[in-house]
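Undergrad:
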Amino acid sequence: MLPHASFSDAVSDLKAAFAWLRLHLPEAITALCPASSVDLDSYITAGDSAGGILALLMPFVLSPKPRAVFEAYAITDLGEYHPPKPAHFPLSGLFSEDEIRAALEERDPGGAMTGNLYNVELPPPFGRVRAEDLEKAIGRRLEEGEARGMALRNDMSNYCLKHKLTLPLLFRHTFLDKPILASGSPSQIAKAEADFQAQVQALSPLHLLRRQNEYPPTVIWHGTTDGGVPHSTHALPFLKELDARGVDSLALFAVGASHVFDAFIVEPSDQGWSDFVLPTMAFIKRHVPPDAALDGRDGRERAKL
Numbered sequence: 001m002l003p004h005a006s007f008s009d010a011v012s013d014l015k016a017a018f019a020w021l022r023l024h025l026p027e028a029i030t031a032l033c034p035a036s037s038v039d040l041d042s043y044i045t046a047g048d049s050a051g052g053i054l055a056l057l058m059p060f061v062l063s064p065k066p067r068a069v070f071e072a073y074a075i076t077d078l079g080e081y082h083p084p085k086p087a088h089f090p091l092s093g094l095f096s097e098d099e100i101r102a103a104l105e106e107r108d109p110g111g112a113m114t115g116n117l118y119n120v121e122l123p124p125p126f127g128r129v130r131a132e133d134l135e136k137a138i139g140r141r142l143e144e145g146e147a148r149g150m151a152l153r154n155d156m157s158n159y160c161l162k163h164k165l166t167l168p169l170l171f172r173h174t175f176l177d178k179p180i181l182a183s184g185s186p187s188q189i190a191k192a193e194a195d196f197q198a199q200v201q202a203l204s205p206l207h208l209l210r211r212q213n214e215y216p217p218t219v220i221w222h223g224t225t226d227g228g229v230p231h232s233t234h235a236l237p238f239l240k241e242l243d244a245r246g247v248d249s250l251a252l253f254a255v256g257a258s259h260v261f262d263a264f265i266v267e268p269s270d271q272g273w274s275d276f277v278l279p280t281m282a283f284i285k286r287h288v289p290p291d292a293a294l295d296g297r298d299g300r301e302r303a304k305l
């Protein structure tokens, strides 16, 4: 969503979506299945990677709280987010640095995107996928200029990672290499940096959990060789805090696996299904049991929703 939306914008969007669902979901369910109903308080939050940190944050901002939380390879402490070496983020060479920096100056929320194809998934000259194959895969044809815009966003993302600008932009602390108070006194700059770290901690699930006594039951997936989000500095400290509070948790670690290790766990026959999906579903069902109304025909209809 960078540079158009900040981290706080993402949290605000989720709060607004939650409020909308509580207001309109019963009506929508009834329209689809007149004999069905929905328990608005029986829900979980779930997400992976960037979505995982948002899922972990929701118990701190939503009311009522989710009954359970699922996250995969999420950052739990934004202050401990250290991207890999710059070599891991090569630019495409299709855009000049001036073009990339100019694009990073944009702030119109209307330009925010929640999904973007990688260059390898784009048609030439940005990637190698045939346009007709891509259309079949995503169900539509890319609009004119859309592929170029996606390729530019990939370079913008890699540029930010390479120059350690992702967090400052997310928290609106700097623009590129220019600190907000670059021309200020040392004490002013020190205060600005302290304020920035306070902002980061205020939206870091690990730091928020340390100020709370309760948290919903939680499932965590993580690869033990995740270079971008090491399990030792994100998953393990969070689990330690959960254990200290007596929170039921399920930690499933993929030994020797990196980020997005579950990309190919799609069907019951896939390797990893029985090790990750089945125990996760059993854990969730234990804490968010199916309603008695799920028995019989009406329940089957509701379950399909």
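Going by UniProt numbering, the sequence shown opens with residue 1, and the numbers climb by one from there.
Built from N, CA and C at the ideal position, the CB exists for glycine as well.
A quick note: this is a predicted structure, and the numbers were derived from the prediction, not measured.
Tell me, which residues are paired with residue 30 by DSSP?
TA: Partner(s): none; residue 30 has no beta bridge.
Undergrad: Which two residues bound the contiguous alpha helix (DSSP H) that contains residue 207?
TA: 205-209
Undergrad: Return the first residue and the last residue of the beta strand (DSSP E) that residue 287 is part of.
TA: Careful: residue 287 lies outside any beta strand (DSSP E), inside the alpha helix (DSSP H) at 278-287.
Undergrad: Between which two residues does the alpha helix (DSSP H) containing residue 132 stretch?
TA: Start and end: 131-138.
Undergrad: Tell me which residue opens and which closes the beta strand (DSSP E) that residue 252 is part of.
TA: 249-254
Undergrad: To the nearest angstrom, how far is the alpha carbon of residue 89 from that of residue 158?
TA: 5 Å
Undergrad: Residue 214: which of 65, 34, 2 and 46 sits nearest, CA to CA?
TA: 65
Undergrad: When the Cα atoms are used, what is the spatial distance from residue 192 to residue 34?
TA: 56 Å
Undergrad: Need the endpoints of the alpha helix (DSSP H) that residue 155 sits in, please.
TA: 146-162
Undergrad: Who are the near neighbours of residue 237 in its chain, counting only those whose CB is closer than 8 Å to its CB and skipping five residues on each side?
TA: 76, 77 and 206
Undergrad: In the DSSP assignment, what residue or residues form a beta bridge with residue 71?
TA: 47 and 220
Undergrad: My understanding is that residue 256 touches residue 225, with C-beta atoms under 8 Å, so please give their C-beta distance in whole angstroms.
TA: 6 Å
Undergrad: Hey, is the region 28-44 in contact with the region 195-205, meaning 3+ C-beta pairs nearer than 8 Å?
TA: no
Undergrad: Three-state secondary structure (DSSP) at residue 241?
TA: helix
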